[in-house]
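Residue numbering for the sequence shown follows my numbering, beginning at 2 and increasing consecutively.
C-beta atoms are modelled at their ideal positions from N, C-alpha and C, and glycine is treated no differently.
Just so it is clear, the structure is predicted and the values come from calculations on it, not from any experiment.
Take a look at the structure set out below.
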Amino acid sequence: MVEAEYLVFTGWQVQFLTPKAGSIEAQALMQAVEKKVGDFLVPVFTAEHLAAIALQLGRAKDKIRLAQFAEAGVLDSAKFKAILQRHGLEKKWDNFRQSLRDDA
2 MVEAEYLVFT GWQVQFLTPK AGSIEAQALM QAVEKKVGDF LVPVFTAEHL AAIALQLGRA
62 KDKIRLAQFA EAGVLDSAKF KAILQRHGLE KKWDNFRQSL RDDA
């Protein structure tokens, strides 16, 4: 079944994206972990890649998601740092962390 830009599999809306070569999304897809959803194996981005994508986008909802990742302690700091370095996001991460301290 199709709903807007989603396909619906066993009640789940799924959106298929085609990432640009060299993007965080392309790297995330290449390093995705396969998870079983119903009868299907699907690639799932790691928490580190999802956090880096949220940081890069920087919308309010992305900042909330990024703060949740940080507070939950689910990010592997070495993997996350490597992703940030590869995509030039270290300064943006430092600014985000500072904004969390300023809000506390």
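{"Asked": "Nearest-angstrom Cβ-Cβ length linking Gln57 and Ile25, presumed shorter than 8 Å", "Found": "6 Å"}
{"Asked": "Candidates Val9, Pro44 and Leu90: closest to Glu35 by CA position", "Found": "Pro44"}
{"Asked": "Distance between beta carbons of Ala52 and Leu110, contact taken as under 8 Å", "Found": "No statement about residue 110 is possible, as the shown extent of the chain runs from 2 to 105 and does not include it."}
{"Asked": "Below-7 Å beta-carbon distance, Lys80 vs any chain C residue", "Found": "Among the chains of the structure shown, chain C does not appear; only one protein chain is present."}
{"Asked": "Element boundaries [alpha helix (DSSP H), containing Leu58]", "Found": "Ala48 to Leu58"}
{"Asked": "DSSP-derived helix/strand/coil call for Glu35", "Found": "strand"}
{"Asked": "Neighbourhood of Glu91 by C-beta, 6 Å cutoff - its chain only, sequence neighbours within 5 removed", "Found": "Leu85"}
{"Asked": "Nearest residue (CA-CA) to Ile65, options Gln28, Asp104, Ser78 and Leu42", "Found": "Asp104"}
{"Asked": "DSSP-derived helix/strand/coil call for Leu8", "Found": "strand"}
{"Asked": "Simplified DSSP state of Leu18, which is helix, strand or coil", "Found": "coil"}
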